[in-house]
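Counting from 2, one number per residue, gives the positions in the sequence shown under this note's numbering.
Below: the structure, in structure tokens.
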Amino acid sequence: MMLIKTSLHFDMEPIIEQVKNLGHFKRSLLLNETEGNILSGYYTTKKEYVNTPLGEVLKQLGDIGEARLLKLDPEDVYTAHTDPDDRYHLSIITTDYSYIADLQANTLQHLPVDGYIWYMDTSIMHSAVNLGGGMERIHLNVRVRMPQIKGSYYSITFDDNNLVDWKQLLYNTIMGYINLMIKEKQITGFERISDREIHINCSPNVLQCIRDRALQGGFESVIKECN
Ligand SMILES: [Fe+2]
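Here's what the structure looks like:
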């Protein structure tokens, strides 16, 4: 199952009210911040959201990564991808025809505004789409915080051999595997340094698997051992 309903539940009325009063934002609105790295840093709720309904949700979720409101305008869609970090979802404003697509099972799932936090396994190829006419869809989307880099690590830089859609392809070939290896604790530290560079604590075996997968996707990887 790509999406699992957790037991964490919130009264949606005040949350919807807050989101409606936030004013216009484009595709995403950041709710928390870190002084550390983007995927593995410790996050604190932005001042303006502390002691608000959204701030309370983040507090209840505990030790989390980046938290954003993600908006899908009518006819908006994400391309198919996997992510290194699983996500929590809370459906806040939706349309009858907004879906998260599981592209492994080839199924669509509509997340109702039911007050429940849903946990999403993003190692599975996925997308999201709003097919509702005229209305936007807004979800709270929260990253699971990645384990921090410790001690000596590998720096991997991916070279794309001039692939046109390299970023997309990187997320299709590598990130799902990294996600699974983090959950299996075979990767014990992970950080994205740039679109092309990651830092990673793992065994030489896992490193080789990443390199092989990258190669299958058309990427050369330059690996450095760092202390
Ligand atoms: Fe995703």
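Quick reminder that beta carbons are idealized off the backbone N, C-alpha and C, glycines included.
Local Cβ density within 10 Å of F26, reported as buried at 16 or more and exposed below that: exposed
Extent of the continuous alpha helix (DSSP H) to which V58 belongs: P54 to L62
Residue closest to Y117, alpha-carbon to alpha-carbon, out of Q61, I175, M176 and V78: Q61
Contained beta strand (DSSP E) runs [length at least 3] in the region 11–45, N- to C-terminal order: 29–31 and 33–35
Span separating the alpha-carbon of T149 from that of R197: A small fix is needed here, since residue 149 is Gln in this sequence, not Thr. Roughly 19 Å separates the two Cα atoms.
For M13, the nearest candidate out of L32, T95 and D84 (CA to CA): T95
Whole-Å CB distance - D160 paired with V223, under 8 Å assumed: 6 Å
Cut-off 6 Å between Cβ atoms - residues of its own chain near L91, not counting five sequence neighbours on either side: I118 and L141
Between the CA atoms of A102 and L71 - distance to the nearest angstrom: 16 Å
Simplified DSSP assignment, three categories, for G87: Inspection of the sequence shows that residue 87 is occupied by Asp rather than by Gly. Note: D87 maps to coil in three-state DSSP.
Own chain, CB closer than 6 Å to D77, minus 5 neighbours either side, in chain order: N131
Enclosing alpha helix (DSSP H) for A229 [first to last residue]: Nothing in the structure corresponds to residue 229, since the chain is present only between 2 and 228.
Beta-bridge partners of R69, as assigned by DSSP: L31 and N142
Per-residue burial, M2 [other beta carbons within 10 Å of its own, 16 or more giving buried]: exposed
Buried or exposed (CB count within 10 angstroms, at least 16 for buried), T7: exposed
Residue burial classification, I93 (beta-carbon count within 10 angstroms, cutoff 16): buried
Residue closest to K21, alpha-carbon to alpha-carbon, out of I211, N52, C203 and E137: E137
Proximity of T1 and I125 at Cβ, strictly below 8 Å: This structure leaves residue 1 out entirely; the chain is present only between 2 and 228.
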